[in-house]
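Engineer:
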Amino acid sequence: MKRIIIFCFLLTLAGASVGTCRSAAAFDSPYLRIDDFLQIHSEQRELMDSFAQQVRKPARRYESEEKTPVTVAIIYPSLQVSDYWRRSLSSFKARMDEMRIGYNLDQYYSTPGRKGELEQHLQEALSKDPDYLVFTLDIYDHKELIEPLLKLERPKIILQNITTPLKEWEGNQPFLYVGFDHGLGARLLADYYIKATHGRGGYGVLYYTLGYVSTMRGETFIRYMRENSDLKLTRSAYTSGRAENAATEALSMLADPKLSFIYACSTDVALGAILALKQSQREDVLINGWGGGSAELDALMKGDLDVTVMRMNDDNGVAMAEAILMDKQGKSDLVPTIYYGDMVLVDSKTSAEDLDKLKQRAFRYSGQ
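If you're matching positions, the sequence shown starts at 52 in the working numbering and goes up one per residue.
(1) Under the three-state reduction of DSSP, which class applies to VAL229: helix, strand or coil?
(2) Looking at C-alpha atoms only, which residue of PRO199, TYR160 and ASP357 is the closest neighbour of TYR243?
(3) Quick one: using the 10 Å Cβ neighbour count with 16 as the cut-off for buried, is GLU300 buried or exposed?
(4) From GLU168 to TYR160, what distance separates their C-alpha atoms?
(5) Quick one: is GLY418 buried, meaning 16 or more other Cβ sit within 10 Å of its Cβ, or exposed?
(6) On the CB-based measure, 16 or more other CB atoms within 10 Å of its CB, does ALA403 come out buried or exposed?
(7) To the nearest angstrom, how far is the alpha carbon of PRO120 from that of GLY153?
(8) Which partner residues of GLY392 appear in the DSSP bridge assignment?
(9) Does the pairing of the stretch 321-329 with the stretch 281-297 give three or more beta-carbon distances under 8 Å?
(10) With C-beta atoms as the reference, is ALA247 less than 8 Å away from TYR275?
(11) So the beta strand (DSSP E) LEU257 belongs to, where does it begin and stop?
(12) Under 8 Å, do PHE176 and ALA103 count as touching if we go by C-beta distance?
(13) Whole angstroms are fine: how far does the CA of ASP157 sit from the CA of ARG112?
(14) Is the CB-CB distance between ASN364 and TYR135 below 8 Å?
Next comes the structure, spelled out in structure tokens:
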């Protein structure tokens with residue numbers, strides 16, 4: 052029995068704050084959006100739909116006499132307020148337990164943006180000769196760390212928190228891209244803001260770190276606003292993904308009396324913006340969350356946050372476990388290239404009862 056090592060690795064670079072946006076060309080060129088991918092690979096649609104249905108269903112038990120445990124090494128950028136990564140691990144472990152797949156865990160935790168630390172973790176994990184590596188690519192320039200692995204028979208690669216295949220890897224894609232569609236979430240929030248502001252006024256954008264997440268969440272939002280409203284981007288800034296940096300940048304944005312809202316690209320960034328709003332006493336400025344984890348939902352119920360896009364969070368960990376099960380059963384050809392989970396927009400008007408129902412669904416394994 053092969054050892055299976057799941058290695059979750061975030062490649063981030065702490066970007067300095069800037070006042071301008073990245074170009075649309077940089078946003079478009081490297082990745083295939085889901086619709087574009089399906090135009091090329093129409094056969095994947097049925098696989099994606101069937102796999103998504105299985106993720107939503109109760110677990111199947113793995114029937115096998117093989118008792119060798121699966122070895123799982125995990126490196127997660129979980130040292131942040133967002134609980135996405137913690138819940139991902141919890142739901143993965145719970146689903147593996149339900150399916151009766153034995154496993155051992157080798158875990159690493161990191162802070163976003165510490166490249167040297169992450170590279171050291173990567174070397175240590177690879178020294179164990181893994182069969183499966185699962186990590187997330189946040190910086191396009193670091194894809195060369197992944198490409199040599201794609202050319203080998205092992206390890207199989209699962210990319211976490213990215214659902215847009217790289218164009219350059221066409222014909223040799225990773226085993227699975229898993230997460231939630233950042234572009235879809237950005238459009239849901241954009242529609243909310245357009246309706247709330249009647250499509251007029253100015254807004255600011257607080258990016259996460261310089262990389263994939265900021266590109267997909269931020270540039271999609273800006274382009275959608277430009278094409279569907281008269282709202283004007285007045286300022287944007289990278290925050291290194293930290294609340295204190297976000298608060299500083301938000302205060303600069305709030306000096307503009309015509310500012311209608313601040314679009315935040317992550318949980319920690321949103322919480323920093325909330326601090327700035329309280330300090331400036333600008334009750335007329337709207338602020339969003341991104342992901343709908345516990346910290347954001349608490350802020351929403353307190354009235355500190357106006358809206359967020361809520362991921363059905365635990366589905367991402369379940370999807371990884373399901374892909375491993377299918378591979379162990381010799382059904383890897385039925386694992387789609389992309390899995391993206393469901394998302395729901397919740398705002399200050401969402402009732403406590405409805406929010407509780409969404410929590411039960413989103414955190415079905417990791418707990419409320």
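By construction, the Cβ of each residue, glycine as well, lies at the ideal position given by its N, Cα and C atoms.
Structural biologist: Let's see:
(1) strand
(2) ASP357
(3) buried
(4) 10 Å
(5) exposed
(6) exposed
(7) 4 Å
(8) DSSP lists no partner for GLY392.
(9) yes
(10) no
(11) 253-257
(12) It should be pointed out that residue 176 corresponds to Ala in this sequence rather than to Phe. No, Cβ-Cβ distance for ALA176 and ALA103 is not below 8 Å.
(13) 24 Å
(14) yes
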